[in-house]
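Going line by line, the protein sequences match chains H and D. In terms of the working numbering, the first sequence has 16 at position 7, counting the first letter as 1, and numbering is strictly consecutive. In terms of the working numbering, the second sequence has 839 at position 159, counting the first letter as 1, and numbering is strictly consecutive. See structure below.
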Amino acid sequence: MSNREIGVHLGLLAALVIAAFGLYRYEMSPLVVPRLIRWLDSGDAELAGQAAERLEALGAPAESSAPTLARVALDSSNASRIKAAQALPSVDLSAATEVARHYRSELRADDVDRRRRAAEILGAIGPVATEAVPDLIVAASDADAIVRDRAIQALARIGIPTAAILPTLIRSLDDAVPHVRHAALAAFAFDVPASVARQAEAAVRQHVTDEPMNAVLVQSILGRLATERADITVRVCIDLLANSEASVRAYQLRQLAMIGADAASAAPAIARRLTDESPLNRYLAAQALSSMGPAATDATPALTAALQDRDPVVRPAVANALRSIGEAR
Amino acid sequence: MMREHAVSDRRLSSVTLVLYWGTIVLGITLPWLLEIGVDVVVRHRPLVQTVRSFPHQLFAPGRNQFLIGTLNAAPFLLFAVFLLLHLGKASVHGRDVSAQRLSGVVVALVAAFALSAYGNLAILTAHGSTAAIGYVFLPQAVAVMMVLGYGVGRGIGYLRRR
C-alpha cells in the first residue's frame, strides 16, 4: 500500500473518533432536552424513564423540562412518575416543592392507594420534601402496612431533619409486620450515617433473631457500626464535596446534614457549596449548615451572601440556616 | 513473476483493509451485538423491539452502551492502526515476512475477539450489577491477549513457511 493510501485510512479513522467524541458531547449537552421531553410524553414507560434519568443527570440546564416532569410525576396513572419525581429536584427545585406539596396533602387521603402513592413519590423527591416529614411520621403509623413501609422508606430518603425522623425509624423497628421492620432496618443499613445509626444500636440488636431477610440487615448494620468511624466518614464527605459530579456532591451534603453538629469540621467546605452550580446542592448545603446549628457559626458570612440566591427554594433554606445558627447564640 | 507479485500485493492490500475496518467496526459493535443477543436469547425479548429500543440505550444512565462500545473498541482501534502500518508495508519485505505478519495479525484478532466476546457475555449474564466493573479491565486483558496472539501467530506463520 502506498503512504497516501495508508494516510487516507488513518485520516478516516481519526475523523470517526472525532465524530464519536462530538456525538457524545452533543448527547450530554442540554441541546437534547427537547428530544427528552418528547420521550417523556411518548407513552413508552421505558423510554420516558430513560429520559427522566438523563434529565436528572443534566440538572438545572434541563429546566425547560420541569413542567413536563411535574406533569408526569403528578399523573397517578403514569408508570414513569417515580423516575420523573426523582429527576425533578435536580432539574427545578420549585417544581419539585410543588409536587411534594401536592403529595403531602395526598398522604391524608381516605383512599389507601392514594396514600401509598403519595408516600412513594415523596421518597423519590427526597430531601426537598422535608416539609412533608411531619405527615410522613404520621403515615408511618398508618393502618395500612404498605403505607407504613413506604412512609419509612420516604423518611429514610429525605433524611432531614434527622432529630425528627430518627425516633420514627427506631419505633418502626418494632412494627408487627416483617416487611415494615425490613424497611426500617434498611434505612439504618443504607441511608442513615453510622454515627447517627449508633443511637439505634440497642433496638437493632433485638432483631438479630428476626426473620432471615431482617437478620441479614441487622448483621450489616452491626458490621457498619463496628467498623465505620464518624471522623473518617466526615473527612471522606469533605473530600467528595469537591467531586465534579453534582449527584456525588449532593449525596455527601445529605450525609453531612444527617450527621449534624458532629460534622462541624465540614462547615467551611459546606459553606463553599452555597455557590454550587446546582440549586439542589445549594439547598442541601443550607440544610446541612442548618442541622449543625451553632457549630456552623463560621459559615454566617457565606449564608448571608446566599440570602440573595436566585433560586426561590434555596433562599428560605438559607434564612432557616441563619436562624438555626442565631438561635443558639 | 512480476505480475504474480503485483496480484499478491493487491490481495494483501485488500485483506489489510478488510481487517482494518472489520477490526474497527466489530471492536465498537461487539458489546452491542452481544447485548442484543442476550436480551433476545436469555431475557426472551422480541428481536424487533430490542433492536428498535437499542439506540435509546446508547446514552441512558445505567446502560451507557456508547461508553461500553468505546471502551471495548480502544484496544481494537490501536491494533487496527498497528495492522494497517504493519501489513500495509509488509510486501516490501517479501512474501515470507508478509505471510508471517498476516498470520500474527489474524491469530491476534481471533484471540482478542474471542476473549472480548467471552468477557462481555460473562458481564452481561452475571447476576450482580458490580460485574460491570469488568468493562474497565476487559480492554486491558484484550490488549495483552493481542500481544500474545500476535506472537503465537508469527510463530505459526514461521513454522508453516519452513
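Just so it is clear, CB atoms sit at the ideal spot from N, CA and C, and this is done for glycine as well. It should be emphasised that the depicted structure is a prediction, and the values quoted were computed from it without experimental measurement.
Looking at chain H, is there any beta carbon in it that lies within less than 8 angstroms of the beta carbon of residue i?
i: LEU697 of chain D; result: yes
i: ILE748 of chain D; result: no
i: PHE739 of chain D; result: yes
i: ILE704 of chain D; result: yes
i: GLY707 of chain D; result: no
i: GLY768 of chain D; result: yes
i: SER778 of chain D; result: no
i: MET682 of chain D; result: Caution applies to MET682 of chain D, whose pLDDT of 49 falls short of 50 and renders its modelled position unreliable; the model cannot decide the point.
i: VAL761 of chain D; result: yes
i: LEU789 of chain D; result: no
i: TYR815 of chain D; result: no
Locate the alpha helix (DSSP H) running through residue i, then write down its first and last residues.
i: ASN223 of chain H; result: 221-236
i: THR730 of chain D; result: 727-733
i: VAL341 of chain H; result: No answer is possible for residue 341 of chain H: it lies beyond the span of chain H, which begins at 10 and ends at 338.
i: GLU36 of chain H; result: 12-36
i: ILE766 of chain D; result: The question names Ile, yet the displayed sequence has His at residue 766 of chain D. Here the alpha helix (DSSP H) through HIS766 of chain D covers 745-768.
i: VAL257 of chain H; result: 255-268
i: GLY835 of chain D; result: 814-841
i: GLU55 of chain H; result: 54-67
i: GLU406 of chain H; result: Here chain H has residues from 10 to 338 only, and residue 406 of chain H is not among them.
i: ALA280 of chain H; result: 276-281
i: VAL41 of chain H; result: Where VAL41 of chain H is concerned, there is no enclosing alpha helix (DSSP H), given that its DSSP letter is neither H nor E.
i: ALA203 of chain H; result: 203-206
For residue i, which of helix, strand or coil comes out of DSSP?
i: LYS92 of chain H; result: helix
i: GLN317 of chain H; result: coil
i: GLY808 of chain D; result: coil
i: GLU129 of chain H; result: helix
i: GLU286 of chain H; result: coil
i: PRO170 of chain H; result: coil
i: ILE708 of chain D; result: helix
i: PHE868 of chain D; result: Residue 868 of chain D lies beyond the range of chain D shown here (681 to 842); nothing can be said about it.
i: MET681 of chain D; result: Unreliable placement is indicated for MET681 of chain D, whose pLDDT of 47 sits below 50; no coordinate value is reported for it.
i: SER150 of chain H; result: coil
i: THR218 of chain H; result: coil
i: ARG723 of chain D; result: coil
i: ALA251 of chain H; result: coil
i: ASN87 of chain H; result: coil
i: ASP122 of chain H; result: helix
i: LEU331 of chain H; result: helix
i: ALA185 of chain H; result: coil
i: GLY774 of chain D; result: coil
i: SER51 of chain H; result: coil
i: PRO303 of chain H; result: helix
i: VAL245 of chain H; result: helix
i: VAL323 of chain H; result: helix
Taking 8 angstroms as the threshold (beta carbon to beta carbon), is residue i in contact with chain D?
i: LEU49 of chain H; result: no
i: MET301 of chain H; result: no
i: ILE146 of chain H; result: no
i: GLU72 of chain H; result: no
i: GLN59 of chain H; result: yes
i: VAL225 of chain H; result: no
i: ILE241 of chain H; result: no
i: ILE15 of chain H; result: yes
i: MET222 of chain H; result: no
i: ARG63 of chain H; result: yes
i: GLU36 of chain H; result: yes
i: GLU254 of chain H; result: no
i: HIS18 of chain H; result: yes
i: ALA29 of chain H; result: yes
i: ALA66 of chain H; result: yes
i: LEU331 of chain H; result: no
i: MET267 of chain H; result: no
i: TYR33 of chain H; result: yes
i: LEU22 of chain H; result: yes
Below 8 angstroms on the Cβ atoms is my guess for residue i versus residue j; work out the distance and round it to an integer in Å.
i: GLY2 of chain H; j: ARG110 of chain H; result: The requested residue 2 of chain H is not part of the displayed model; chain H covers only 10 to 338.
i: TYR830 of chain D; j: ALA760 of chain D; result: So it is not a contact: roughly 13 angstroms between Cβ atoms.
i: GLN264 of chain H; j: PRO170 of chain H; result: Actually they do not touch by this definition, with Cβ atoms about 14 angstroms apart.
i: ASN279 of chain H; j: ALA259 of chain H; result: First, the amino acid is wrong: residue 279 of chain H is Ile here, not Asn. At roughly 12 angstroms, the Cβ-Cβ gap does not stay under 8 angstroms, so ILE279 of chain H and ALA259 of chain H are not in contact.
i: VAL822 of chain D; j: LEU839 of chain D; result: That pair is no contact at about 25 angstroms.
i: LEU164 of chain H; j: LEU182 of chain H; result: So it is not a contact: roughly 13 angstroms between Cβ atoms.
i: ALA82 of chain H; j: LEU116 of chain H; result: Rounded, the Cβ-Cβ distance is 15 angstroms, inconsistent with contact.
i: HIS766 of chain D; j: VAL785 of chain D; result: 7 angstroms
i: VAL156 of chain H; j: ARG125 of chain H; result: 5 angstroms
i: ALA133 of chain H; j: ILE91 of chain H; result: 5 angstroms
i: ASP776 of chain D; j: ARG841 of chain D; result: 5 angstroms
i: GLU129 of chain H; j: VAL100 of chain H; result: No, GLU129 of chain H and VAL100 of chain H are not in contact; Cβ-Cβ is about 19 angstroms, not under 8 angstroms.
i: ALA211 of chain H; j: ILE230 of chain H; result: Incorrect: roughly 12 angstroms between the Cβ atoms, too far for contact.
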